[in-house]
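Trainee: To start, I am sharing the structure in question, which I have written as structure tokens.
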Amino acid sequence: MTKAQRILIVGAGIAGLALAAALRQRGMVADVIERAPSPVVGGAGLYIVGAGTRALRELGVAESSLREHQVIDTQTFLNHRGARLAEVNVDRFWSGCGPCIGVARTVVHQTLGERAAVQTRFGATVQTLQQQPNHVEVRFSDGTAAASDVVVGADGIHSSVRRLVGGATQPRFRGQMGWRFLAKCPEQISGWTVFLGAARAFLMVPIGGGRVYCYADRASAGVIDDTRDERLERLQQLFEDFAAPVRDALASVESPDVIHCAPIEDVAYEPANHGRVVLIGDAAHAMSPNMACGVAMALEDALVLADILHRNADTSQIANEFFRRRCARIERVRLQTDQRDRMRGLPAFARDLSLRLFASRIYRNNYQPLLLPA
Ligand SMILES: Cc1cc2nc3c(=O)[nH]c(=O)nc-3n(C[C@H](O)[C@H](O)[C@H](O)COP(=O)(O)OP(=O)(O)OC[C@H]3O[C@@H](n4cnc5c(N)ncnc54)[C@H](O)[C@@H]3O)c2cc1C
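When we follow the working numbering, the leftmost residue of the sequence shown carries the number 135, and every step to the right adds one.
Dropping the structure here:
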């Protein structure tokens, strides 16, 4: 048996690029294909917790190599009118691990792309996957075909690779609609700051350069078709009773085109029995963004899979081996995410009281296991 030589990564998002970078560190190369026609990235900004910046450092991406970002020392919880409920010192919590940062999504993609140094094939996807005794036969959307030792589905929450290997898991709607965009940072906002209203929340995370990543959500019984026409006006109306920084951030948005809207969904992490086809990142285990752990988990997935591929000669059990290494940690994060989602759903007075009394303890419970490396 020889080590995997022909590795195909489907999806040049954070998980896919991080895997290509981690393989390169180990002297291995991968082919990367991406459905989008070019490396343009939507989705605005990201809050990356300490476990994520630790993984970035392992990939050779020190914070200083990110073109622009802001280190976040505190998480501040306010009610919708701006009265303080609680503050958590995240700088202290993650001190032995890595800083929490706010950063534009494009900056993370560009930097990981540079580390990966691969020629991504844009505008391409997989049409069929057939597992053979010693390889996977892949047919691409442009009619070409190839044989791969390992195929990695890093193609996000609505993964085609997951569907092609017969994964029964479908994304589940989590009862919230979410909006993401970048805006001018209001002068009152210097750290991670969330404004919590009844069935609505508005989070701001500074990302450097005078800009702020905004994430707004509202509870919803079903998926809303929020057309771009007058999207900004509708959001302004939804948050019109919120404190001035929220209204100011919304007022600074110049066009509804920069506001990304999507239902909040997740994907259950299922035992893998896909042989040489492995799912990583959101394709494997998307979660609601409540814990802001999606990037950290995607980066860790990449590091763990690269390690497995580097050590293992037998590629036929790659998916199982990867699942075995990741499932406990992923399940723990999912459980915490679900608990946080439930707390968000409490009546405002109960939620606010819990935060006033227990915010630091809740935070510690949520994140403590992630202080240890993956
Ligand atoms: C509203 C919201 C806010 C969030 N905020 C945060 C946050 O602040 N911090 C955080 O850590 N996480 C956050 N997350 C989660 C985070 O965005 C994801 O966990 C992370 O992007 C996962 O990366 P990925 O590479 O697995 O998937 P993606 O980022 O979705 O990348 C998948 C890539 O695959 C490509 N692709 C898709 N289908 C195909 C196909 N068939 N063939 C080829 N290519 C394909 C896509 O174009 C894309 O480039 C948030 C999520 C949401 C929904």
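Just so you know, even glycine gets a beta-carbon here, dropped at the ideal spot from N, CA and C.
Express the C-alpha separation of G147 and R524 in angstroms, rounding to a whole number.
Mentor: Look at the range of the chain in this structure, 135 to 508, and you will see that residue 524 is not part of it.
Trainee: Would you call the CB atoms of P509 and P405 closer than 7 Å?
Mentor: Beyond the ends of the chain as shown, which are 135 and 508, falls residue 509; an answer cannot be given.
Trainee: Quick one: is A426 buried, meaning 16 or more other Cβ sit within 10 Å of its Cβ, or exposed?
Mentor: Reading the sequence shown from its first residue, position 292 is the one you call residue 426. By the 10 Å Cβ count, A426 comes out buried.
Trainee: Just curious, the beta strand (DSSP E) that I167 is in, first and last residue?
Mentor: The residue given as residue 167 occupies position 33 in the sequence shown. Element bounds for I167: A164 to E168.
Trainee: Per DSSP, what kind of secondary structure is Q370 in: helix, strand or coil?
Mentor: For the purposes of this step, residue 370 is taken as the residue at position 236 of the sequence shown. Reduced to three states, the DSSP call for Q370 is helix.
Trainee: When the Cβ atoms of the stretch 414-422 are set against those of the stretch 273-291, are three or more pairs found closer than 8 Å?
Mentor: yes
Trainee: By DSSP, does A185 sit in helix, in strand, or in coil?
Mentor: Sequence index remark: in the sequence shown, residue 185 carries index 51 (1-based). In this structure, A185 counts as helix in the three-state DSSP scheme.
Trainee: For G186 and I341, which I take to be in contact (beta-carbon distance under 8 Å), what is that distance rounded to the nearest angstrom?
Mentor: Stepping through the sequence shown from its first residue, residue 186 is reached at position 52. Stepping through the sequence shown from its first residue, residue 341 is reached at position 207. Incorrect: roughly 14 Å between the Cβ atoms, too far for contact.
Trainee: Residues bridged to D461 by DSSP?
Mentor: One-based indexing of the sequence shown puts residue 461 at position 327. Note that residue 461 is Cys in the sequence shown here, rather than Asp. According to DSSP, which records beta bridges pairwise, C461 is partnered with nothing at all.
Trainee: Between which two residues does the alpha helix (DSSP H) harbouring V438 extend?
Mentor: Working through the sequence shown from its first residue, we reach residue 438 at position 304. Here the alpha helix (DSSP H) through V438 covers G428 to R445.
Trainee: Between E434 and ligand 1, is there a pair consisting of the residue's CB and a ligand heavy atom that are separated by less than 6 Å?
Mentor: As a position in the sequence shown, residue 434 is number 300, starting the count at 1. False, no ligand heavy atom lies under 6 Å from that Cβ.
Trainee: Where A371 and S324 are concerned, what is the direct C-alpha to C-alpha distance, given to the nearest angstrom?
Mentor: The residue given as residue 371 occupies position 237 in the sequence shown. The residue given as residue 324 occupies position 190 in the sequence shown. The sequence given here places Gln at residue 371; Ala does not occur at that position. Distance between the alpha carbons of Q371 and S324: 25 Å.
Trainee: What alpha helix (DSSP H) runs, 4 residues minimum, are completely inside the stretch 227-275?
Mentor: 239-250
Trainee: Whose CA, out of R314, F376 and R459, lies closest to the CA of V346?
Mentor: Looking up residue 346 in the sequence shown gives position 212. Checked all of R314, F376 and R459; the closest Cα to V346 is R314.
Trainee: I think L443 touches L157, with their Cβ atoms under 8 Å apart; what is that distance to the nearest whole Å?
Mentor: Counting from 1 along the sequence shown, the entry for residue 443 is found at position 309. Counting from 1 along the sequence shown, the entry for residue 157 is found at position 23. With 8 Å as the limit, L443 and L157 qualify as a contact, their Cβ atoms being about 7 Å apart.
Trainee: Say the cut is 6 Å; is the CB of G415 nearer than that to a heavy atom of ligand 1?
Mentor: Mapped onto the sequence shown, residue 415 falls at position 281. Yes, Cβ of G415 sits closer than 6 Å to a heavy atom of ligand 1.
Trainee: On a Cα-Cα basis, can you pick out the residue from T449, L212, A170 and A317 that is closest to Q266?
Mentor: Translated into positions along the sequence shown, residue 266 becomes position 132. Ranking T449, L212, A170 and A317 by Cα distance to Q266 puts T449 first.
Trainee: Does DSSP classify V380 as helix, strand or coil?
Mentor: Residue numbering aside, residue 380 sits at position 246 when the sequence shown is read from its first letter. If DSSP states are grouped into helix, strand and coil, V380 belongs with the helices.
Trainee: Along the alpha helix (DSSP H) that carries Y403, what are the first and last residues, could you check?
Mentor: The residue given as residue 403 occupies position 269 in the sequence shown. Neither: Y403 is in no alpha helix (DSSP H) and is coded neither H nor E.
Trainee: For G344, list the residues DSSP reports as bridge partners.
Mentor: As a working mapping, residue 344 is identified with position 210 in the sequence shown. In DSSP, G344 forms no bridge with anything.
Trainee: Among D363, Q473, A155 and L469, which residue has its Cα nearest to the Cα of C395?
Mentor: For this step, residue 395 is matched to residue 261 along the sequence shown. Closest by alpha carbon: D363.
Trainee: Which residue wins for smallest C-alpha separation from A432, given the options G216, P233, L246 and A170?
Mentor: Start at 1 with the first residue of the sequence shown, and residue 432 comes out as number 298. The residue among G216, P233, L246 and A170 with its C-alpha nearest the C-alpha of A432 is L246.
Trainee: Could you spell out where the alpha helix (DSSP H) holding R485 opens and where it closes?
Mentor: Position 351 of the sequence shown, counted from the start, is the residue given in the question as residue 485. Unbroken alpha helix (DSSP H) run through R485: A482 to Y501.
Trainee: Do R169 and ligand 1 come close, with the Cβ less than 6 Å from some heavy atom?
Mentor: As a first step, residue 169 is located in the sequence shown; it is residue number 35 there, counting from the start. In this structure, R169 has its beta carbon less than 6 Å from a heavy atom of ligand 1.
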